[in-house]
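Chains as they are written, first to last, in the working numbering: chain U, 871 to 1258; chain X, 871 to 1258.
Where a beta carbon is used, it is the ideal one built from N, C-alpha and C, also for glycine.
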C-alpha cells in the first residue's frame, strides 16, 4: 500500500463489485449460508452501486452461493436500479405497495429461495421483513464485515472525498468571525463543497451526496451532538469546534478542528493541550495489530490523568467508508485489532460546560506500516488562533 | 373542520403530544399491550418532537401504560434530546457503542420492562433490536396508525409546508427554459425554499428540513423514479414534469405539474387529457367513507379505457404527515376508508417511453364534507404552456 493514494472519482468497475461479492460469499461460506439477504440501503449500494432511500416499497438483494444476485424491486424503480447498478443482477419486480393479494413484495419474496435453505440477514433488517424471510434464518452482518477493509478503489474514493472537506474546512477558517451566524457558514461552505463535488463528478449520485459545515461556538461546544439554531453567532475567543463532513458520491469523511477567534482564554489552554496530547497518543499507536479497545483506553487515560474524566463523552473514533460512521470503533468495548485498509477517525474530545468543546478529527487510513492522514488542516494551537 | 386552515410554524405544545400519547395508549389497550417500543426516528419524532438519524447508537422510546415514556439514549445525545423533546420523558443513558460488557444499550434495554410483559414493536424495528426485546413480543404499527388522522395542529403545519412548495413551484415555472440544466433548477429553487423555511421558523430543526425541486424533461419523463444527472437539460416542448417537495421542520408535502415549454407536441395532448380526467375522477370521489382501493381502481379504469394500461407505473396517491410518503395509500391493495383528517397526494400518472411522463400531484386534506387542496399551482393545459 502506498503512502499517497491518487483520488478516484469514477464509479466502480464491475471487477471491483465482483471482488466484493466474492468476499461476501467467503463470509457466507464460513457461516454455512445458502443465501444472504440485504435490505440496508448502504449495503445494497456497496454490492451494486445502486443507492435508494427507505420507503414503504422495499428493495431486497438476495445473494445465493453462485450466479448473479437477485434484486427484488418495485416496478416503478426498475429503470432507476438498472441505471446505477454496475454488477450482474437478476431482476424481479412487484407492483406497488400495497398491491392486491398475492402480488405484494411479501408474496413474491419467499418464493425466491430454494426450500430448507440457511438464510443470513442483517441486524438492521426491519423485523417486518425478517419475519417474511423463509428457511433457517441467521442474523449476521456479513456485508458490514466485508466493508471494514477497504480496497484500493475505495481508498481512492475516500481520498477524493477528503479533498472536498479539506476545501470546505479551509473556507470555514477563512470566513469565521465573531458574530457570523451558523447558517451563513453552513450555506456558504456547504454550497462550495457541493459545487466542487459536481464539478469533479458530474454524474454523482445526488441521493448519497451530502455536505455539511458547522462551527460550535464556546456556549454550546460542550454538547457535541447538540444541533444549534442556524442563527447561533460565532463568539470572541473560543474554543470553537468546526465540523466539516461530506458524503461524496457515496463516500463519507470528516475534518474537525478546535480553533480560536483572536485570542485564547487562559482556561482553554490546558484542555486544548490535553486533547492534543491524547490525540498524539492515539496516532502513536496507529498500526496493524493494535487492539482498538486498548487504543481508546490509553487515550482516555491521558484525559483522565489530566483531571478531565467527567469531560469525556465519547470514544476515540469510528470507521468511515460508504457512510460517515461505521465499524470499526476505537472504543473500550470493541473487540478487534487494527488492520491495514481500515479508515477511521481520530477524535478524542474534552467537553466542559460554560467553556466549550475541544476536539480535532481527521479521516485516517491504516497502512501496512502505520497510517496516512487523508485530511489536511492546521493542527497546533498557534496555527489555530485566527485573526479577526 | 374549516375549509381554510391557518398555517402554523410553532413547535407542538405539550398538550398536542399528550393527545398523541393518549391515542397511542388507546391503540395499545385494544391490542392488550403493556409496553410499546419505538425505534423508527419518524415515530420517535411524532411522540416527542425530538428527531434523530439512525446510527449505531440507538434511541429507544418505551411507552408503558401510564406515566412518562422512557427514552433510552446515548449519553452523548442527552442534551440534544432534552433540547428538542416537548413531552415528559424519563431518561436512561448508555455510554457509547460498543461499550464494555454489561454497559451496552442491549444490556440496559431489557431491564426497562416489568417481567412477563406484552410488548409491541414496530415492523420497521431492526431485527437486531427486536431480538433484544423481552417479554411476549408482538409486531404492530401502533404509532404509524395513530399518525394517519391529523390533528388541527398537524394540519396547520402541513398548510404552512404547502406554502413553501407553492413558492418553490411558482419559481420553477418562472425560470424553466429549454437548455436550463437540472442542477440550476435544483439549487435556485431549493435554496429559495430553504431560506424561506428558516425565515418563517428560525429554530427549525435542520435534520428534518429538506427541500427539493426537479423537472423531468421528456427524454427521461417516462421513468418517474429515475434520478437524472444534474447536467440534464430542459427541452423544447414537453411534457416536462416538475417535482417540488419539502419536509418543513418535520412536515412533508409535494406539488408536481406536467408543463410545456413553448409548444405542445400533438402526441402529448391525449395523454395529458387522460391524466387530467383520471385526476378529476379521483377528486370527484374524495370524501370520508370512500374506499381507497376503489378510488384507485376507478382512476386506473379511466387510464385503461383510454388505451394506456401499459403506461401505469404507480397507484393514485399516498399519505403525508411527518414524512412525504406514508399510509394511507390510494392503491388497489389498500384496505381502508377515507376519513376526515387524512392528508394525501392525488397523482395518477401516465408514462410513455420516447414521449415522457404526465402527472400532476397535490397535497390534499380530506374534510368532513369533501377535501381541500392545500397546494396551489396552475392545472390546465392552457395555463401550463409556458412562454420561452
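Tell me which residues share the same chain as residue i and place their Cβ nearer than 6 Å to its Cβ, disregarding the 5 neighbours each side in the sequence.
i: residue 1096 of chain X; result: 1090
i: residue 918 of chain X; result: 955, 957
i: residue 967 of chain X; result: 926, 927
i: residue 1248 of chain U; result: 1254
i: residue 1098 of chain X; result: 1052, 1090
i: residue 1071 of chain X; result: 879, 1119
i: residue 1047 of chain X; result: 1258
i: residue 1113 of chain U; result: 1084, 1126
How should residue i be labelled, buried or exposed, when 16 other C-beta atoms within 10 angstroms of its C-beta is the threshold for buried?
i: residue 885 of chain U; result: exposed
i: residue 1151 of chain X; result: buried
i: residue 1171 of chain U; result: exposed
i: residue 1101 of chain U; result: exposed
i: residue 899 of chain U; result: exposed
i: residue 1074 of chain U; result: buried
i: residue 972 of chain U; result: exposed
i: residue 1154 of chain U; result: exposed
i: residue 1049 of chain X; result: exposed
i: residue 986 of chain U; result: exposed
i: residue 1201 of chain X; result: buried
i: residue 1163 of chain U; result: buried
i: residue 1218 of chain U; result: buried
i: residue 984 of chain U; result: exposed
i: residue 1257 of chain U; result: exposed
i: residue 1149 of chain X; result: buried
i: residue 1232 of chain U; result: buried
i: residue 1122 of chain U; result: buried
i: residue 1069 of chain X; result: exposed
Give me, in chain order, the residues of the same chain whose beta-carbon lies closer than 7 Å to that of residue i; leave out the 5 immediate sequence neighbours on both sides.
i: residue 1060 of chain X; result: 1081, 1082, 1083
i: residue 1147 of chain U; result: 1172
i: residue 911 of chain X; result: 921, 922, 923, 924
i: residue 875 of chain U; result: 1025, 1026, 1029
i: residue 1183 of chain U; result: 1094, 1219, 1221
i: residue 1246 of chain U; result: 1036
i: residue 938 of chain X; result: 958, 959, 960
i: residue 877 of chain X; result: 1026, 1029, 1030, 1033
If you drop the 5 nearest sequence neighbours on each side, which residues of the same chain put their C-beta closer than 8 Å to that of residue i?
i: residue 1134 of chain U; result: 1107, 1108, 1142, 1251, 1255
i: residue 962 of chain X; result: 940, 941, 942, 943, 978, 982
i: residue 1212 of chain U; result: 1018, 1019, 1020, 1189, 1198, 1235, 1236
i: residue 1241 of chain U; result: 1153, 1156, 1157, 1234, 1235
i: residue 1041 of chain X; result: 1058, 1059, 1062, 1083
i: residue 894 of chain U; result: 906, 917, 933, 1012, 1013, 1016
CA-CA distance, residue i and residue j?
i: residue 872 of chain U; j: residue 1238 of chain U; result: Confidence in residue 872 of chain U is poor, its pLDDT being 41 and thus under 50, which makes the residue's placement unreliable; the coordinate value appears in the next sentence. Spanning the two alpha carbons is a distance of roughly 9 Å.
i: residue 1116 of chain X; j: residue 1039 of chain X; result: 11 Å
i: residue 1020 of chain U; j: residue 881 of chain U; result: 15 Å
i: residue 1179 of chain U; j: residue 949 of chain X; result: 19 Å
i: residue 1203 of chain U; j: residue 928 of chain X; result: 16 Å
i: residue 887 of chain X; j: residue 935 of chain X; result: 16 Å
i: residue 901 of chain U; j: residue 913 of chain U; result: 18 Å
i: residue 1118 of chain X; j: residue 1023 of chain X; result: 14 Å
i: residue 969 of chain X; j: residue 1145 of chain U; result: 21 Å
i: residue 1087 of chain U; j: residue 1058 of chain U; result: 18 Å
i: residue 1139 of chain U; j: residue 1124 of chain U; result: 25 Å
i: residue 946 of chain X; j: residue 965 of chain X; result: 8 Å
i: residue 1012 of chain U; j: residue 1160 of chain X; result: 47 Å
i: residue 909 of chain U; j: residue 1192 of chain U; result: 15 Å
i: residue 1208 of chain U; j: residue 1166 of chain U; result: 12 Å
i: residue 892 of chain U; j: residue 953 of chain U; result: 23 Å
i: residue 931 of chain U; j: residue 1215 of chain U; result: 30 Å
i: residue 1066 of chain X; j: residue 1066 of chain U; result: 25 Å
Is the segment 992-1006 of chain X touching the segment 1183-1194 of chain X, taking contact as three or more C-beta pairs under 8 Å? Between the segment 992-1006 of chain X and the segment 1183-1194 of chain X there are fewer than three C-beta pairs closer than 8 Å, too few to call the two in contact.
Note down, one range per segment and in chain order, each beta strand (DSSP E) of at least 3 residues found wholly within the segment 892-960 of chain U. Look at the segment 892-960 of chain U and you find these whole runs of beta strand (DSSP E), each 3 residues long or longer: 905-908, 930-933, 940-944.
Contact the segment 1106-1126 of chain X vs the segment 1210-1226 of chain X: 3+ CB pairs below 8 Å: The answer is yes - the segment 1210-1226 of chain X touches the segment 1106-1126 of chain X, with three or more Cβ pairs under 8 Å.
Inter-stretch contact at 8 Å, needing at least 3 Cβ pairs: the segment 978-995 of chain X / the segment 905-921 of chain X: With a cut-off of 8 Å on Cβ pairs, the segment 978-995 of chain X is in contact with the segment 905-921 of chain X, counting three or more such pairs.
Could you give the uninterrupted runs of the beta strand (DSSP E) lying entirely in the segment 1089-1168 of chain X, keeping only those of 3 residues or more? Here the runs fully enclosed are 1107-1118, 1121-1125, 1128-1131.
The segment 1013-1033 of chain X contacting the segment 1194-1211 of chain X, beta-carbon criterion three pairs below 8 Å: Output reads yes: the segment 1194-1211 of chain X touches the segment 1013-1033 of chain X.
Ordered list of beta strand (DSSP E) runs contained in the segment 1199-1225 of chain X, each at least 3 residues: Within the segment 1199-1225 of chain X, the complete beta strand (DSSP E) runs of at least 3 residues are 1213-1216, 1219-1222.
Mind listing, in chain order, the continuous alpha helix (DSSP H) runs of no fewer than 4 residues lying wholly within the segment 1047-1079 of chain U? Here the runs fully enclosed are 1052-1070.
In the segment 957-1040 of chain X, which residue ranges form an unbroken alpha helix (DSSP H) of at least 4 residues, counting only runs that do not cross its ends? Runs of the alpha helix (DSSP H) inside the segment 957-1040 of chain X: 975-978, 997-1000, 1012-1017.
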